[in-house]
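*Asks:* Here it is, the structure in full.
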Amino acid sequence: MTVFRILRIDLSREQFTEEIIKEDLLKRFLGGRGLGAYMALKEIPRGIDPLSPSNRLYIFSGPLSGIATISSSRVNVTTRSPLTGVYTHANAGGNFSYWLRKSGYDGLIIEGKAEEPVYLVIKDGEAMLKPAKHIWGKWTGASTKIILEENGFPPDETKAGVAVIGPAGENLVKFAGIRMSDYERFAGRGGVGAVMGSKLLKGILVWGTRDLSKELIDKARFMKVNTDIVKRIATHDTTKVLHKYGTNVLMNIVQSIGALPHYNFGGTGKLKDVTPVSEEYIKDHYPTETHGCYNCPIACTQMPTVKSGPFKFTVTEKYVKQEYENTWALGPNIGLTDPEADMKFQKLANELGLDTITLGNTLSMAVELAKNGKLNLDIDWGDAGSLEYLIHKIAYRDGIGDDLAEGDYRLAVKYGMPQLFTGSRGQGLPAYDPRALKGFALAYYTANRGGDHLEAYTPTWEIFGVPEKVDPFCETQECIEKQARIVKWNQEIFAVVDSTVFCKFENLMPNIDTEKDFADLYNAAFGWDLTSQDVLTIGERIFNVERLHWVREGKWVKDELPPRMREPIPDGPAKGHTASKMFDEGIKTYYKLRGWIDGKPTKDALKRLGLEEFDYLL
């Protein structure tokens, strides 16, 4: 019988309670994102302030985390979002999930609020709270080292799992994230770090000696399935490219088709040359180390450094974990193509504990508001000195930083230009323009945590042709229906991936049959009898539960396209394109496929998915 052990920590009462999730519930929601969404819907009271003690943090691994050697050490954080006011799930790599399971638990539920700053330590099933007043205010890198050393570990993030917040989380910045150990991994989106800060929880350390292989029903069968999948991943060209260049290899690719946004999604279709912030250029000009998450056959993490000049890194914090999204958000998005300034901004965001995507969107919103005479700031696109100044202001809610700390949506509303916001459900968009990559016209605006590229990643099929090639500019009825169908499928696949909790990069590879491979892994590990269709149904069930969070609150239920996405791209390869037709026509097909009406699941849809317990929400 497969079980999932959870430790519930009530910070108000300083109480610890162990709970067991039984196999029947695991088979319906797995772990990670799925189980978090289900429990949050049942437990978090309707209408509460996300920063109140009544909110909860669900920090969950998955049933296969740390056992499979397929990028399996990711962790999911679910909570009511300070940024959107309703729901978010944030995902991070590294080694925290592995060490969480080794500590004796598969998940943590954190509720209440401590009287003074504390951090949580769990070693081999023993949990305790320790004072953190001496760490409160410190940046994330220093905080991680202090927590490790105070608990008998060297300042080496591979030796235990650590999660911390920085000044942004402590100061309740609405887009603060949680830094996870092993090279600046972040659960970034939606403000999960602010929830942790509101509870006066500075950090978490997990470590243990639990033998995870004993969880397997048939170890030999499982290892055979696992090894076959790893071989297919390791030998694919996608793995080789990701290992060499990381995710920022996308910079020039996305630019070349006119889909790279800049100037708050309001600039021309093609910015000046972005090669200086591409990974090919950075690896040629700056010392770079390559790392990987625990149990990952890809190892895509690129860690460059700047050794001299006004943006040089310090001796103690000398590398930055660089990704495509981070580089875009704090580069072309704010009109910046200086690689050294861009890398320094990413480093600052990681040390201060800020979600880089929303930070970039908020800075670009501030520049555009200033240029429209709405915000009294002397700032322009690419103004590195002023932008760096604002990053500090935001993290400490100092002066104008207090307004910017609310995020791009609230900033645009407060200063009278809500039409400048291009996101969904109060969360701004990532590094792809949905007017040029039209699948995102559906994926972004139906995503359950708001503007998000990782609930369905349309470049997989629009650029790489997996699972099938779709022309990103095509707007025939056939293309629209195909996009709607693949978006739905991808949302369900990714919900399962985030609940297992694995990395999504395998889905870029045509030699990976995700639903069948997942069914084979679970069946071999636990003696289950899942089919490929069962895997998709689990994903659909999870996606519907997430949508019910919005239904319950009666907020942003219907999916909508913002005005700026109806304006044509003025030049470049995607000149003249908008997201209007794909969204307006595609959403009809999408809702029909889902069995939804105006963004809401129906009772028939819930019954089909075994979710009748939530009928009362409709």
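My numbering applies: residue -16 is where the sequence shown begins, and numbers increase by one.
Using N, Cα and C, we set each Cβ at its ideal position, and we do this for glycine too.
Treat the numbers as computed from the prediction; the structure is a model and nothing was measured.
Just confirm the distance between the C-beta atoms of Tyr166 and Lys10, as a whole number of angstroms; I'd bet it's less than 8 Å.
*Replies:* Not a contact, Cβ separation roughly 34 Å.
*Asks:* Which two residues bound the contiguous alpha helix (DSSP H) that contains Trp190?
*Replies:* Run containing Trp190: none in the alpha helix (DSSP H); it sits in the beta strand (DSSP E), 184 to 190.
*Asks:* Say the cut is 8 Å; is the CB of Ile212 nearer than that to a heavy atom of the ligand FMN?
*Replies:* The ligand FMN is absent from the structure shown, which contains no ligand whatsoever.
*Asks:* Going by beta carbon distance, what residues of the same chain come within less than 7 Å of Phe566, once the five residues before and after it are set aside?
*Replies:* Hits under 7 Å: Ala424, Leu425, Tyr428, Leu544.
*Asks:* Return the CA-CA distance between Asn316 and Asp139, expressed in angstroms with no decimal places.
*Replies:* Spanning the two alpha carbons is a distance of roughly 34 Å.
*Asks:* In the DSSP assignment, the alpha helix (DSSP H) including Arg535 goes from what residue to what residue?
*Replies:* It spans 515 to 536 - the alpha helix (DSSP H) in which Arg535 sits, taken as one unbroken run.
*Asks:* Tell me which residue opens and which closes the beta strand (DSSP E) that Leu40 is part of.
*Replies:* Here the beta strand (DSSP E) through Leu40 covers 40 to 43.
*Asks:* Closest by CA to Thr520, which one among Gln474, Asp542, Gly174?
*Replies:* Comparing Cα positions, the closest option is Gln474.
*Asks:* Taking Cβ positions, are Asp581 and Lys541 nearer each other than 9 Å?
*Replies:* Their beta carbons are under 9 Å apart, which means Asp581 touches Lys541 by this criterion.
*Asks:* Please work out which residues of its chain come closer than 6 Å, Cβ to Cβ, to Gly108, disregarding the five sequence neighbours upstream and downstream, and give them in chain order.
*Replies:* Cβ neighbours of Gly108 beyond the five flanking positions: Gly87.
*Asks:* Quick check on the burial criterion: 16 or more other C-beta atoms within 10 angstroms. Buried or exposed for Pro114?
*Replies:* Exposed, because fewer than 16 other Cβ atoms sit within 10 Å of the Cβ of Pro114.
*Asks:* When you compare each of Lys142, Ser164, Gly135, Phe136 to Asn148 by their alpha carbons, which one comes out closest?
*Replies:* It is worth fixing the name first, because residue 148 is Ile in this sequence and not Asn. Ile148 has its Cα closest to that of Ser164, out of Lys142, Ser164, Gly135, Phe136.
*Asks:* Grab the span of the alpha helix (DSSP H) containing Met234 for me, first residue to last.
*Replies:* 233 to 239 is the extent of the alpha helix (DSSP H) around Met234.
*Asks:* State the beta-bridge partners of Thr52 as determined by DSSP.
*Replies:* Beta-bridge pairing links Thr52 to no other residue.
*Asks:* Can you find at least 3 beta carbon pairs, one from the region 40 to 60 and one from the region 68 to 88, that sit closer than 8 Å?
*Replies:* Segments in contact, yes.
*Asks:* Whole angstroms are fine: how far does the CA of Gln460 sit from the CA of Gly522?
*Replies:* Taking the straight line from one Cα to the other gives about 26 Å.
*Asks:* How far does the alpha helix (DSSP H) with Thr271 in it reach, from first residue to last?
*Replies:* No alpha helix (DSSP H) holds Thr271; the beta strand (DSSP E) holding it covers 271 to 274.
*Asks:* Could you give the DSSP three-state label for Val453: helix, strand or coil?
*Replies:* Reduced to three states, the DSSP call for Val453 is coil.
*Asks:* Mind checking which residues open and close the alpha helix (DSSP H) that includes Glu2?
*Replies:* Here Glu2 belongs to no alpha helix (DSSP H); instead the beta strand (DSSP E) covers -2 to 4.
*Asks:* How about Leu602 and Val350: do their beta carbons lie closer than 9 Å?
*Replies:* Beyond the ends of the chain as shown, which are -16 and 601, falls residue 602; an answer cannot be given.
*Asks:* Please report how far the alpha carbon of Leu112 lies from the alpha carbon of Glu(-3), in whole angstroms.
*Replies:* Cα to Cα, Leu112 sits roughly 8 Å from Glu(-3).
*Asks:* Within its chain, find whatever has a CB closer than 7 Å to the CB of Lys583; leave out the 5 residues flanking it on each side and keep chain order.
*Replies:* Correct list, in chain order: Val534, Val540, Leu601.
*Asks:* Given a threshold of 16 other Cβ atoms within 10 Å of its Cβ, counted over all protein chains shown, does Asp481 qualify as buried or as exposed?
*Replies:* By the 10 Å Cβ count, Asp481 comes out buried.
*Asks:* For Leu576 and Lys471, which I take to be in contact (beta-carbon distance under 8 Å), what is that distance rounded to the nearest angstrom?
*Replies:* The Cβ separation is near 5 Å, so the contact holds.
*Asks:* Distance, Cα to Cα, Glu529 vs Asp32?
*Replies:* Cα to Cα, Glu529 sits roughly 18 Å from Asp32.
*Asks:* Can you give me the C-alpha to C-alpha distance between Gly229 and Ala324, rounded to a whole angstrom?
*Replies:* So the two alpha carbons sit approximately 19 Å from each other.
*Asks:* Expressed to the nearest angstrom, what Euclidean distance is found between the alpha-carbon atoms of Gly411 and Tyr574?
*Replies:* Their backbone Cα atoms lie some 23 Å apart in a straight line.
*Asks:* Under 8 Å, with one C-beta from each stretch per pair, do the region 363 to 378 and the region 386 to 401 reach the 3-pair mark?
*Replies:* The region 363 to 378 vs the region 386 to 401: in contact.
*Asks:* Quick one: what does DSSP say Asp381 is sitting in, helix, strand or coil?
*Replies:* It is coil, neither helix nor strand.
*Asks:* Would you report the Cα separation of Ile340 and Asn309, rounded to the nearest angstrom?
*Replies:* The straight-line gap from Cα to Cα measures roughly 6 Å.
*Asks:* What are the boundary residues of the alpha helix (DSSP H) that includes Met111?
*Replies:* Segment 109 to 114 is the beta strand (DSSP E) holding Met111; no alpha helix (DSSP H) there.
*Asks:* Can the beta-carbon of Gly174 be found less than 9 Å from the beta-carbon of Val156?
*Replies:* Contact flag set, yes.
*Asks:* Whose C-beta lies closer than 6 Å to the C-beta of Gly559 among residues of the same chain, with five residues either side of it excluded?
*Replies:* Counting only Cβ-Cβ distances below 6 Å, and skipping sequence neighbours, we find Pro551.
*Asks:* Contact defined as beta carbons within less than 8 Å: I believe Ile27 pairs with Arg(-12). What is the distance between those atoms, to the nearest angstrom?
*Replies:* That pair is no contact at about 21 Å.
*Asks:* Using a threshold of 9 Å, state whether the C-beta atoms of Ala177 and Leu34 are closer than that.
*Replies:* Cβ atoms of Ala177 and Leu34: closer than 9 Å.
*Asks:* Run through DSSP, which three-state label would Phe169 get?
*Replies:* The answer is strand: DSSP assigns Phe169 an E or B state.
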